[in-house]
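>
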Amino acid sequence: MIKNFDLLVAIADANLVNVFLGYGNETFVQMNSFVAGILSFAIVSVDFNHDNHSDVAVANYAGQAVTVHMGIGNGTFLNRRTYISSSSPAALATDDFNHDQHIDWIATYCENNSISVLLFAVGDFNRDNHLDIIFSLFELDCFNIMFGDGSDAMLESRLFDINQQPCGIALYDFNDDNRLDFVRAHNFMDASVHLNTCL
1 MIKNFDLLVA IADANLVNVF LGYGNETFVQ MNSFVAGILS FAIVSVDFNH
51 DNHSDVAVAN YAGQAVTVHM GIGNGTFLNR RTYISSSSPA ALATDDFNHD
101 QHIDWIATYC ENNSISVLLF AVGDFNRDNH LDIIFSLFEL DCFNIMFGDG
151 SDAMLESRLF DINQQPCGIA LYDFNDDNRL DFVRAHNFMD ASVHLNTCL
């Protein structure tokens with residue numbers, strides 16, 4: 001069975017998420033929209049409830065909440081659940097962080113008079129089979145890696161000074177040494193690869 005990828009687009013100023021169905025030939029058609037919350041910035045799609053249908057979590061920046069929308073397998077989403085926060089979520093990521101076979105999600109938050117975490121990614125940097133988190137500390141021009149222990153806690157962390165404000169991050173084993181590296185964009189025109197040689 002051929003599986004065509006679809007597309008979700010957050011329309012922040014309209015508080016909507018648009019659903020575009022893919023035809024497998026690089027074309028998409030808009031199917032519907034659903035209300036996601038106030039200033040919806042970040043979207044992740046994963047099967048939260050193990051029904052083999054993709055669900056959606058949306059970070060509502062101005063609404064200070066994350067909303068989860070359950071998919072029914074035809075491009076529509078029902079049963080919105082709202083998780084209230086004391087601050088404004090700016091980014092989301094999902095994975096099974098505590099190895100209990102259930103998908104978890106994490107969010108970064110922006111507050112007044114604080115260091116903003118605007119970018120982050122999840123991967124196993126030290127090859128211990130536990131997920132770690134790498135994130136940018138925008139005002140400090142650096143990245144921080146927090147190492148997971150398989151529970152909901154993060155243990156040791158390591159700081160990497162890059163002397164430039166990062167604007168993008170991606171993870172990959174660029175030199176085929178079975179260690180996860182990362183590439184970061186730092187001015188929307190340039191990027192640098194950081195090879196993992198010591199984690």
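For the sequence shown, UniProt numbering begins at 1 and goes up steadily by one.
All residues carry an ideal CB built from backbone N, CA and C; glycine is no exception.
Quick caveat: nothing in here was measured; it's all calculated off a predicted structure.
#1: Residues in the same chain with beta-carbon distance under 6 Å from V9, minus the five sequence neighbours each way, listed in chain order, please.
#2: Does the stretch 42-56 touch the stretch 22-30, meaning 3 or more C-beta pairs lie closer than 8 Å?
#3: Suppose you measure from the CA of N178 to the CA of A185; what does that come to, to the nearest Å?
#4: Looking at the unbroken beta strand (DSSP E) that takes in A93, where does it start and where does it end?
#5: Across which residues does DSSP place M31 in a beta bridge pair?
#6: Give me the residue from I72, Y23, L78, A107 with the minimum Cα distance to Q64.
#7: Check whether the Cβ atoms of L131 and D141 sit closer than 8 Å, and answer yes or no.
#8: Give every residue of the same chain whose Cβ lies closer than 7 Å to the Cβ of L159, excluding the five residues on either side of it in the sequence, and list them in chain order.
#9: Can you confirm whether the stretch 93-100 touches the stretch 67-79 when touching is taken to mean that 3 or more C-beta pairs between the two stretches lie within less than 8 Å?
#10: Could you name the residues of the same chain whose beta carbon sits closer than 7 Å to that of H99, not counting the 5 residues immediately before and after it, in chain order?
#11: Pull up the distance between the alpha-carbon of M146 and that of E156, whole angstroms please.
#12: Sort out for me which residues DSSP pairs C142 with in a bridge.
In short, the structure shows the following:
#1: Counting from 1 along the sequence shown, the entry for residue 9 is found at position 9. Contacts found: N18.
#2: no
#3: Counting from one through the sequence shown, the residue named residue 178 turns up at place 178. Counting from one through the sequence shown, the residue named residue 185 turns up at place 185. So the alpha carbons of these two residues sit roughly 23 Å apart.
#4: Position 93 of the sequence shown, counting from 1, holds the residue named residue 93. Where A93 is concerned, the enclosing beta strand (DSSP E) stretches over 88-95.
#5: In the sequence shown, residue 31 corresponds to position 31, counting from 1. According to DSSP, which records beta bridges pairwise, M31 is partnered with nothing at all.
#6: Position 64 of the sequence shown holds residue 64. Of I72, Y23, L78, A107, the residue nearest in Cα terms is A107.
#7: Indexing the sequence shown from 1 puts residue 131 at position 131. Indexing the sequence shown from 1 puts residue 141 at position 141. It is not a contact, given that the beta carbons lie outside the stated cut-off.
#8: Taking the sequence shown and counting its residues from 1, the one referred to as residue 159 is at position 159. Cβ neighbours of L159 within its own chain (closer than 7 Å, five residues either side excluded): C142, N144.
#9: Because the criterion of three Cβ pairs below 8 Å is not met, the stretch 67-79 and the stretch 93-100 do not touch.
#10: Counting from 1 along the sequence shown, the entry for residue 99 is found at position 99. Closer than 7 Å at Cβ, skipping near neighbours: G150.
#11: Here the question's residue 146 lines up with position 146 in the sequence shown. Here the question's residue 156 lines up with position 156 in the sequence shown. If I take the Cα positions, the gap works out to 6 Å.
#12: Within the sequence shown, residue 142 is the residue found at index 142, counting from 1. Beta-bridge pairing links C142 to L137, D161.
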